[in-house]
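Here the structure comes first, spelled out in structure tokens, and everything after it is commentary.
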Amino acid sequence: MDTCTRDRLIAWAEMYNDPQFFSEDPIVFPAKMAEMYRRGERSLADVEISALIAAHLAWGRRAMIVRDCTRAMDEMQWRPYDYVMRGRYRDDDSSLHRTVKWSEFAQICARLKTIYSSSGSIEKMSCGDIRCRIYGRKADPKAPDKKINMMRRWMVRDDGKVDLGLWKDSDKNDLLIPLDVHVHEEATALGLTTRRQKDITTVREITDAFRDIFPGDPCKGDFALFGYGVTHAGHKGKQD
606 MDTCTRDRLI AWAEMYNDPQ FFSEDPIVFP AKMAEMYRRG ERSLADVEIS ALIAAHLAWG
666 RRAMIVRDCT RAMDEMQWRP YDYVMRGRYR DDDSSLHRTV KWSEFAQICA RLKTIYSSSG
726 SIEKMSCGDI RCRIYGRKAD PKAPDKKINM MRRWMVRDDG KVDLGLWKDS DKNDLLIPLD
786 VHVHEEATAL GLTTRRQKDI TTVREITDAF RDIFPGDPCK GDFALFGYGV THAGHKGKQD
């Protein structure tokens, strides 16, 4: 990578790591819970559950994501942990968000109830555990797991700007870039990867490229890709 591109990526990361660019983004839901958690009004589990739900719905137009995350939070009366532990969930085949039905939401809540019945946090769960034990997906060692890596970025990065930094026993150097179609296109255009497959190997390749640019904090590069998308008119307010 040439010095000019590297410098631009650093500048974009600094510029776009700013809450003003994320006012219509799914992170606003766990961020609201995090504010209440810091005031002693909610638990860490409230933040985690809101992050898991918001990440699960984070595909499609941002306005639609925010609308449907609001529907989910309203259903939980903005008390996710109490709702999960109560064990009575909206469970029907109508749409919560695109192809995600309320019945799928109920299944996630039921799995979370089991987990939180014996643990106060999901921080120690691996990406594979979250994929299978919470989201109910089949194990897939090649999957990029964009939603999980995004949720982990929210919970771990701790610079006090956009991300929440509430998982204190996790190292941000171990985070992986959340890879969707747009991130892959932007990373390819910047020469961060030449791989066409949108899989975990590509995720690690892009993350490693950012590890060189942002030592100890590779997922800061996620903001650089956001900046590239905005600057090159490739960012269309979608998450895939």
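Positions in the sequence shown are counted from 1; adding 605 to them yields the numbering used here. Built from N, CA and C at the ideal position, the CB exists for glycine as well.
Asked: Of the residues 815, 820 and 802, which one's Cα is nearest the Cα of residue 827?; Found: 815
Asked: Return the Cβ separation of residue 631 and residue 657 in integer angstroms, given the expectation that the two are a contact with Cβ distance under 8 Å.; Found: Rounded, the Cβ-Cβ distance is 11 Å, inconsistent with contact.
Asked: Determine the direct distance from the alpha carbon of residue 755 to that of residue 723, and round the result to whole angstroms.; Found: 25 Å
Asked: So if DSSP puts residue 655 in a beta bridge, which residue, or which two residues, is it bridged to?; Found: Per DSSP, none; premise fails for residue 655.
Asked: Output the distance between the C-alpha atoms of residue 806 and residue 821, rounded to the nearest integer angstrom.; Found: 20 Å
Asked: Could you say which of 763, 714, 685 and 744 lies nearest to residue 648 if we only look at CA atoms?; Found: 685
Asked: If we count the other Cβ atoms within 10 Å of its Cβ and call it buried at 16 or more, is residue 786 buried or exposed?; Found: exposed
Asked: With three or more beta-carbon pairs closer than 8 Å as the criterion, would you say the segment 764-779 touches the segment 739-747?; Found: no
Asked: May I have a chain-ordered list of the alpha helix (DSSP H) segments no shorter than 4 residues that lie completely inside the segment 761-844?; Found: 786-794, 805-818 and 826-836
Asked: May I ask which residues mark the beginning and end of the beta strand (DSSP E) holding residue 855?; Found: The shown model of the chain, from 606 to 845, leaves out residue 855, and the question about it has no answer.
Asked: List the endpoints of the continuous alpha helix (DSSP H) containing residue 674.; Found: 667-680
Asked: Does the segment 690-697 come close enough to the segment 705-721 to have 3 or more Cβ pairs within less than 8 Å?; Found: yes
Asked: Is the segment 628-647 touching the segment 662-675, taking contact as three or more C-beta pairs under 8 Å?; Found: yes
Asked: Just checking my contact of residue 778 with residue 823 at CB under 8 Å: how many whole Å lie between their CB atoms?; Found: 7 Å
Asked: What does the alpha-carbon distance come out to for the pair residue 781 and residue 726?; Found: 20 Å
Asked: Would you list the residues sitting across from residue 705 in a DSSP beta bridge?; Found: 702
Asked: Out of 705, 761 and 622, which has the shortest C-alpha to C-alpha gap to residue 664?; Found: 705
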